[in-house]
Amino acid sequence: QKEVEQDPGPLSVPEGAIVSLNCTYSNSAFQYFMWYRQYSRKGPELLMYTYSSGNKEDGRFTAQVDKSSKYISLFIRDSQPSDSATYLCAMSLNTGGFKTIFGAGTRLFVKA
Amino acid sequence: GAGVSQTPSNKVTEKGKYVELRCDPISGHTALYWYRQSLGQGPEFLIYFQGTGAADDSGLPNDRFFAVRPEGSVSTLKIQRTERGDSAVYLCASSEGGRPDTQYFGPGTRLTVL
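In order, the protein sequence lines correspond to chains B and F. Anchor point for the first sequence: position 47 equals 1206 in this note's numbering, and the numbering is continuous, going up by one each time. Anchor point for the second sequence: position 37 equals 38 in this note's numbering, and the numbering is continuous, going up by one each time.
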């Protein structure tokens, strides 16, 4: 079993839809949770980050962490064609070297 | 300011050769990470530097891989006796103060081993 599981998709939605992206994890010691967006042949771009549990909102994006279920989510409201990309979840421990584990990424297509 | 830069953007080499990949982090960022990303996969952690020292090198796959950061800024990832399985995109990220939740990535170096 991988430490971080993420459905690879692809996920196809119409423009304006609410998108829900999710990851599950097995290590209850993870404390830092991140979401990255990656366009083809580009480096990952940091979208959202949270420490421990709770929700965080930034514009059209909302990140949620449910540590009791070992489940994190990213919601995108009013999705746009420019949101079409691969979304990567990532998480780290709060100790030592901050080794960061990434999910495999979910490919999202937003149709105009 | 400038983001993380990586050179070269593409590197093609032959099996058995030695390669060096360079990363220039964001100015003032003390933490630097190297990752490897294969097609259809997320980045795989290789090594983490805090300042000049490798705080966690548990992700380096074997002793053919080595990384340095002699002055606490620029880092070089070195791969000896390259193998076809080393072909991937090598990504570098940096963060301020070592917080793993604010890593900013460079564009990557695409390594192809023929």
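We treat Cβ as the ideally placed atom computed from N, Cα and C, and that holds for glycine. Predicted model, so just to flag it, every value in this text is computed and none were measured.
I'd like to know if ASP102(F) contacts chain C, where contact means its C-beta is closer than 8 Å to some C-beta of that chain.
Included in the structure are the protein chains B and F, with no chain C among them.
Exposed or buried, what is ARG1236(B) when buried is set at 16 or more other beta-carbons lying within 10 Å of its beta-carbon?
Your numbering for residue 1236(B) matches position 77 in the first sequence. Exposed, because fewer than 16 other Cβ atoms sit within 10 Å of the Cβ of ARG1236(B).
Extent of the continuous beta strand (DSSP E) to which ARG1266(B) belongs
Along the first sequence, one-based indexing puts residue 1266(B) at 107. From DSSP, the beta strand (DSSP E) with ARG1266(B) extends over 1265–1270.
Please report whether the beta-carbon of GLN42(F) lies at a distance below 8 Å from any beta-carbon of chain B.
Within the second sequence, residue 42(F) is the residue found at index 41, counting from 1. Chain B, which has a Cβ nearer than 8 Å to the Cβ of GLN42(F), makes this yes.
Indicate the three-state DSSP secondary structure (helix, strand or coil) for ASP102(F) in the structure shown.
Locating residue 102(F) in the second sequence gives position 101, counting from the first residue. DSSP places ASP102(F) in helix when its eight states are reduced to three.
Could you name the residues of chain F that ALA1263(B) contacts, counting a contact when the two beta carbons are closer than 8 Å?
Residue 1263(B) sits at position 104 when you count from the first residue of the first sequence. Under the 8 Å cutoff, chain F gives GLY41, GLN42 and GLY43.
Excluding the five sequence neighbours on either side, which residues of its own chain have a C-beta within less than 7 Å of the C-beta of GLY1213(B), listed in chain order?
Numbered from 1 along the first sequence, position 54 holds the residue referred to as residue 1213(B). These residues qualify, in order along the chain: VAL1224.
To the nearest angstrom, report how far apart VAL1172(B) and PHE1220(B) are at their CA atoms.
Here residue 1172(B) corresponds to residue number 13 of the first sequence, with the count starting at 1. Here residue 1220(B) corresponds to residue number 61 of the first sequence, with the count starting at 1. Going by the C-alpha atoms only, they are around 16 Å apart.
Would you list, in chain order, the members of the segment 1215–1237 of chain B that have their beta-carbon closer than 7 Å to a beta-carbon of chain F?
none
Take the Cβ of LEU47(F) as the centre, count every other Cβ of all protein chains shown within 10 Å, and call the residue buried at 16 or more, exposed below.
By one-based count along the second sequence, residue 47(F) stands at place 46. That one is buried.
Per-residue DSSP class, three states only, for ARG23(F):
Taking the first residue of the second sequence as position 1, residue 23(F) is located at position 22. In this structure, ARG23(F) counts as strand in the three-state DSSP scheme.
Per-residue burial, ILE1177(B) [other beta carbons within 10 Å of its own, 16 or more giving buried]:
By one-based count along the first sequence, residue 1177(B) stands at place 18. The residue in question, ILE1177(B), is exposed, as its Cβ has fewer than 16 Cβ neighbours within 10 Å.
Return the CA-CA distance between PRO108(F) and GLU1216(B), expressed in angstroms with no decimal places.
Here residue 108(F) is taken as the residue at index 107 of the second sequence, counted from 1. Here residue 1216(B) is taken as the residue at index 57 of the first sequence, counted from 1. C-alpha separation (whole angstroms): 27 Å.
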